[in-house]
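Scroll down for the structure; my scribbles are underneath it.
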Amino acid sequence: MAIIRLMGIDPGSRMTGYGMIEVDGPRNRHIASGGIQTDSSRPVPERLKTIFEGIAAVIREYQPVEVAVEQVFMHRNPDSALKLGQARGAAICAAVVAGLPVSEYAARAIKQAVVGNGAADKIQVQRMIALLLNLPALPQSDAADALAVAICHGHTRQTLQRLGAVVLAGRRR
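Using this note's numbering, the first residue of the sequence shown is number 44, and each one after it goes up by one.
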């Protein structure tokens with residue numbers, strides 16, 4: 044398998060986390076991670092523009108070949124869910140404009156893939172990301188979540204490739 048660069052995104056209306064990894068077979072290597080901070084005093088359209096431009100800049104700088112995004116989960120507050128969905132849309136649009144395929148994963152699936160528990164809390168995700176990527180310190184929460192999305196996508200991608208190889212091998216017989 045070739046080395047592939049993947050980007051994970053943890054959308055948020057105040058902070059959108061991003062994480063960039065390289066996957067080389069079973070190994071994941073941290074490339075970059077951080078967050079795109081928006082000014083909560085600004086109108087929502089301007090905040091969405093900040094997210095779009097920030098994700099676009101990260102894509103240009105690190106050149107991933109695929110992007111994965113956390114799906115929206117239902118909040119008790121419909122306004123929060125709507126803002127989260129808008130932030131997610133801005134991030135997805137930046138990836139699509141760059142010509143990248145986008146995959147989506149539920150938060151529980153991401154936590155299951157990384158921690159082994161779909162109900163893991165934020166600190167468990169941060170600790171596991173630091174361990175899996177051999178980071179010197181715990182990453183910031185939004186960056187850790189984005190790195191978890193990227194790792195989940197890398198695992199899923201490899202599993203699907205192996206299954207595809209099995210299906211192809213079965214058809215040759």
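Glycine included, each C-beta is placed from N, C-alpha and C at the ideal position.
Ser-56 and Ile-172 have their C-alpha atoms roughly 23 Å apart. Separation of Gly-159 and Val-139 (C-alpha to C-alpha, rounded to the nearest whole angstrom) is 30 Å. Ile-64 is not a Cβ neighbour of Leu-143, given a cutoff of 8 Å. The three-state reading of DSSP puts Ile-64 in strand, counting E and B together. The DSSP assignment places 145–148 as complete runs of the beta strand (DSSP E) inside the segment 111–182, in order along the chain (cut-off: 3 residues).
One alpha carbon belongs to Met-50, the other to Gly-77, and they sit about 12 Å apart. With respect to the C-alpha of Gly-62, the residue from Gly-207, Val-87 and Leu-178 having the closest C-alpha is Leu-178.
Asp-53 sits in a strand when the DSSP states are folded into three classes.
With contacts defined as CB atoms closer than 8 Å, Gln-106 and Arg-48 qualify as a contacting pair. Residues Arg-48, Met-63, Ile-64, Glu-65 and Tyr-105 of the same chain have their beta carbon placed closer than 8 Å to that of Ile-74, with the five preceding and five following residues left out of the count. From the listed residues Arg-103, Val-168, Val-108 and Gly-132, the smallest Cα separation to Gly-197 is found for Val-108. Put simply, the backbone Cα of Val-115 is about 8 Å away from that of Ala-149. Ile-102 and Thr-199 have their C-alpha atoms spaced approximately 21 Å apart.
Your pair Ile-166 and Glu-113 does not check out as a contact, with CB atoms roughly 18 Å apart and the cut at 8 Å. Its Cα nearest to that of Ala-100, the residue Ala-137 stands out among Ala-137, Ala-180 and Ser-146. Bridge partners of Ser-76 according to DSSP: Gly-62.
Annotation for Ala-100: the continuous alpha helix (DSSP H) segment containing it runs 87–105.
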